[in-house]
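K.L.:
Quick one: the structure is below, questions incoming.
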Amino acid sequence: MGNSANTNKEKVLVTSALPYANGRIHLGHLSGAYLPADIYVRYKRLNGDDIIYICGSDEHGVPITITADNEKVSPKVIIDRYHELNRLAFEKFGMSFDIYSRTSLLIHHETAREFFKTYFDQGLLVEKKSLQFYDEKVKMFLPDRYVEGTCPRCGNEEARSDECEKCGSLYEPSELKNPKSKISGETPVLKETSHWYFPLGKFQERLEKYVSEMSEKFGWKENVLQYCRGWFKEGLKDRAYTRDLDWGVKVPVDEAEGKVLYVWFEAVLGYISATKELSQKRNEPELWKKFWQMNDTKYVAFIGKDNIVFHTIIFPAMLMAWNDIQSDKYILPQNVPANEFLNFEGKKFSKSRGWGVDVLDFLDLFPPDPLRYTLAANLPENKDTDFYWKEFQSRNNGELADILGNFINRTFTFVFKHFEGKVPPLGKLDKIDEDMIKLIEEYPVKVGELIDRYKIKDAVFEMMNLARAGNKYFNDSEPWVTVKKDKEKCATALNICLNCIYTLAELFEPVIPFSTEKIFKMLNSTKCNWNTSGRLNLKEGHLLGQSEILFTKIEDKVIDEQINKLGKPDGDVKPVDEEITIDDFKKVKLRVAVIKNAEKVNKSEKLLKLKIDLGNEERQLVAGIAKSYEPEQLIGKKVLVVANLKPAKLFGLDSQGMVMAVDTSEEGKVKLIEIDNSVSPGTLAK
RNA sequence: GGCGAGGUAGCUCAGUAGGUUAGAGCAGUGGAAUCAUAAUCCACGUGUCGGGGGUUCGAAUCCCUCCCUCGCUACCA
65 MGNSANTNKE KVLVTSALPY ANGRIHLGHL SGAYLPADIY VRYKRLNGDD IIYICGSDEH
125 GVPITITADN EKVSPKVIID RYHELNRLAF EKFGMSFDIY SRTSLLIHHE TAREFFKTYF
185 DQGLLVEKKS LQFYDEKVKM FLPDRYVEGT CPRCGNEEAR SDECEKCGSL YEPSELKNPK
245 SKISGETPVL KETSHWYFPL GKFQERLEKY VSEMSEKFGW KENVLQYCRG WFKEGLKDRA
305 YTRDLDWGVK VPVDEAEGKV LYVWFEAVLG YISATKELSQ KRNEPELWKK FWQMNDTKYV
365 AFIGKDNIVF HTIIFPAMLM AWNDIQSDKY ILPQNVPANE FLNFEGKKFS KSRGWGVDVL
425 DFLDLFPPDP LRYTLAANLP ENKDTDFYWK EFQSRNNGEL ADILGNFINR TFTFVFKHFE
485 GKVPPLGKLD KIDEDMIKLI EEYPVKVGEL IDRYKIKDAV FEMMNLARAG NKYFNDSEPW
545 VTVKKDKEKC ATALNICLNC IYTLAELFEP VIPFSTEKIF KMLNSTKCNW NTSGRLNLKE
605 GHLLGQSEIL FTKIEDKVID EQINKLGKPD GDVKPVDEEI TIDDFKKVKL RVAVIKNAEK
665 VNKSEKLLKL KIDLGNEERQ LVAGIAKSYE PEQLIGKKVL VVANLKPAKL FGLDSQGMVM
725 AVDTSEEGKV KLIEIDNSVS PGTLAK
């Protein structure tokens, strides 16, 4: 019954996905990989386990260089900015990382190169030479999906550089006709390059065994297994380990000038290098090995669902490959409790659409604990869930303030009024008292088991249930009656209530640490080992501290204000638009057209086939507006059309031009630019 | 169109080794109480468990089929 101290301590290594230093983190990130991990870690610490919690910024890869180019600064500026912002956001939110490192540090580059070199020297990596398109304007090799042209087999004009998805044929980039860079629009040139590939396929059998064994032993989540099965079913293929790019970890081979390690084969190693950094900081050189290279370590990797393949397949494969060759062997993740996604008021987070809220902005408005509690009570453990402002308000007001806060407040007020702020003596116990004492004692066990099984949502629900039980016990004991008739009985009830609060403080510490710290202070006490927290630890006569209101209510108008802000992109996301000259603009011929006819394009979700009248000619045009308009409502509308756009084929249909439309706050939906009825078709816009 | 997930009370959801009257929180209605941040506690649900078909003595839970929603993906010139 949880009355023995923790005798078999676990050695636990916990990591949370490294956030990408190319933007601010928002509430969805917290729900996916950070808050559940923090709750788990804080619980484990209270439980007396030997645990470290590792995280840091992922600072390489193409998107960061693109942001840097757009702002005309170096990538270093970008990563420094977001590393610092996200570190601060985590700190304010109460994340208890043992270290928040970053992959731009030398120790990480060295670690990543060491892995590559090990594979390379053993001949594990497969070198493949190929001709790749190179964009001379932006001076970079173009990934396949950034090039398009005409398929040499079927004539499809939107083929990628190495395959055509229309006819399914594969070919060499040199065969592609009329290649265009999707980045600059220029015609790229072919340049020979070579890359090393990691032979994932060789590891498939062992990976499948690894996943099924771990899952069987440690109960992996169903959603994680589903993703793995999908990848295994498709068959694992060789994956390029290097990229032609100058931002990242340089490939440690002479002939690899201008190449870096592909960020996904390098970022996951950030967990290891961050632990090495922690080792240095603590001046315990063996610390990282104790966690990473001794097989009594339980390694748990918290991530969001988009990251599953990297943590259940690629990272384990890399570690296996290392272990095959080296004498110091790494342990593999024992569990990867990936969460699904948190949406925001019914739709997914989108910074550009102003949908959602980032962590720093949120914490400027509200304290961290109500957010931690609301997110924790609604984690996307089994499926996507939503953050609703109204729910946030109701969890804060109805649960934290009314149930938990008020229970604590009514107890303290009573004890100060009638017992001089000291823990009253425990007298003769009636059945109701014995039942309550027993109930309190059961909670740490029950909640602990749930957290151990990563059922954090359920654990949080149980925590609040103890507060509910506290209120019920208070009501049923009627101390406001017994204080006059039977002071001993009254004292007993308050003693038990105070001890219930002590247990609540311990149970809630992983979820709302800022508030529980206050509760411990009010109790003039400190946290204890988890397993002893359900007992009657506060003794008769113990002097209590100053009491305070823990959670203030949030007014409707504060919440309404936030709801009203939704869908309005905030001012600080200004895309930096490239300047053009008036002559550039004059190349574009925008003309007014009347829509004569509109019909759906077969088998397409977004496309409509339009017949338009440009005054002196009729044209067919294919537009991606099917999600926004029904064909019937379009007929007769006067719209603006790019008249001199090079014709294209879409779904086999000719499209001569493009209708102008603007984005809306609703994803995938647009609004046509409509022209006043008095303007005649064919009129040029300027 | 391809792949994946999901459709259970007004709302948010739990519930699969198939089995007595299908659950919780919130909201709503009624009541008790007054120590407390007008906070608490108790009582109250005629829900086609998305539709249809099937397997079974018995299905929300297994199979088939259809409908709808969401995500990724293709198409958005």
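Residue 65 is where the first sequence starts when you use the numbering used here, and the numbers rise one by one after that.
Glycine included, each C-beta is placed from N, C-alpha and C at the ideal position.
1. Use the C-beta contact count for Ile613: other C-beta atoms within 10 angstroms, 16 or more gives buried, fewer gives exposed.
2. Taking Ile372 and Val288 to be in contact with their CB atoms under 8 Å, please state how far apart those CB atoms are, rounded to whole angstroms.
3. Ordered along the chain, which non-local residues of its own chain (more than five positions away) have a Cβ less than 8 Å from that of Thr339?
4. Straight-line CA distance for His124 to Phe413?
5. Which residue from Leu300, Val315 and Asn86 puts its Cα closest to that of Ala132?
6. For Glu135, which three-state DSSP category applies?
7. Could you tell me the alpha carbon to alpha carbon distance between Gly232 and Leu571, rounded to whole angstroms?
8. Closer than 8 Å is the cut-off here; do at least three beta carbon pairs connect the region 645 to 663 with the region 689 to 708?
9. At which residues does the alpha helix (DSSP H) containing His482 begin and terminate?
10. Does DSSP put Val78 in a helix, a strand or coil?
11. Using the DSSP secondary-structure output, state which residues sit across from Leu254 in a beta bridge.
12. Could you compute how far the alpha carbon of Thr580 sits from the alpha carbon of Gly418?
13. Under the rule that 16 or more other beta-carbon atoms within 10 Å means buried, what is Glu463, buried or exposed?
14. Between Ser168 and the rest of its own chain, which residues show a CB-CB distance below 7 Å, the 5 nearest in sequence each way excluded?
15. Measuring CB atoms only, is the region 270 to 285 touching the region 387 to 407, in the sense that at least three cross pairs come out at less than 8 Å?
16. Quick check: the Cα distance between Glu319 and Asp310, rounded to an integer number of angstroms?
17. Rounded to whole angstroms, what's the CA-CA distance from Ile583 to Pro349? Just pull it up for me.
18. If you draw a straight line from the alpha carbon of Cys564 to that of Glu573, how long is it in whole angstroms?
19. Please list the segments of the alpha helix (DSSP H) lying wholly inside the region 110 to 182, counting only runs of 4 or more residues, in order along the chain.
20. Are the beta-carbon atoms of Ser337 and His172 separated by less than 7 Å?
21. Indicate the three-state DSSP secondary structure (helix, strand or coil) for Tyr693 in the structure shown.
22. Across which residues does DSSP place Tyr363 in a beta bridge pair?
23. Could you tell me if Leu170 is buried or exposed, where buried requires 16 or more neighbouring beta carbons within 10 angstroms of its beta carbon?
24. Thinking Gly120 and Lys73 are a contact (beta carbons under 8 Å), I'd like their distance in whole angstroms, please.
25. Can you look up Met204 in the DSSP assignment and give me helix, strand or coil?
26. Would you decide whether Val686 is buried or exposed? Buried here means 16 or more other CB atoms lie within 10 Å of its CB.
27. For Trp295, is the classification buried or exposed, using 16 other Cβ atoms within 10 angstroms of its Cβ as the cut-off for buried?
28. Please report how far the alpha carbon of Gln290 lies from the alpha carbon of Gly265, in whole angstroms.
29. I need the straight-line Cα distance from Phe525 to Ala441, nearest angstrom please.
30. Could you check which residue in Ile560, Tyr566 and Tyr518 has the C-alpha nearest to that of Lys536?
31. Under the rule that 16 or more other beta-carbon atoms within 10 Å means buried, what is Glu694, buried or exposed?
32. Beta strand (DSSP E) containing Ala662: first to last residue?
33. Cα separation between Lys447 and His606?
34. Just the C-alpha distance for Met527 and Leu99, rounded to the nearest angstrom, thanks.
35. Leaving out five residues on either side along the sequence, give the residues of the same chain with a beta carbon under 6 Å from the beta carbon of Thr129.
36. CB Ser597 to CB Thr567, shorter than 7 Å?
P.N.:
According to the data block:
1. exposed
2. 6 Å
3. Leu77, Ile116, Ile118, Ile163, Leu351, Trp352, Phe355 and Trp356
4. Straight-line spacing of the CA atoms in His124 and Phe413 works out to 23 Å.
5. Asn86
6. helix
7. Note on Gly232: pLDDT 45, under 50, position unreliable in the model; the coordinate value appears next. Taking the straight line from one Cα to the other gives about 57 Å.
8. yes
9. That run of the alpha helix (DSSP H) goes Asn470 to His482.
10. strand
11. Phe197
12. 34 Å
13. buried
14. Glu123 and Ile143
15. yes
16. 14 Å
17. 38 Å
18. 14 Å
19. 126 to 135 and 139 to 157
20. One thing to note: Ser337 has its Cβ within 7 Å of the Cβ of His172.
21. Looking at Tyr693 - three-state DSSP - the assignment turns out to be coil, as it is neither helix nor strand.
22. Checking the DSSP bridge columns, you'll see Tyr363 partnered with Leu77.
23. exposed
24. Their Cβ separation, rounded to whole angstroms, is 26 Å, which puts Gly120 and Lys73 out of contact at 8 Å.
25. strand
26. buried
27. buried
28. 19 Å
29. 7 Å
30. Ile560
31. By the 10 Å Cβ count, Glu694 comes out exposed.
32. Leu654 to Lys664 is the span of the beta strand (DSSP E), which, as asked, contains Ala662.
33. Computed Cα separation, rounded: 46 Å.
34. Their backbone Cα atoms lie some 16 Å apart in a straight line.
35. Pro139 and Trp311
36. yes
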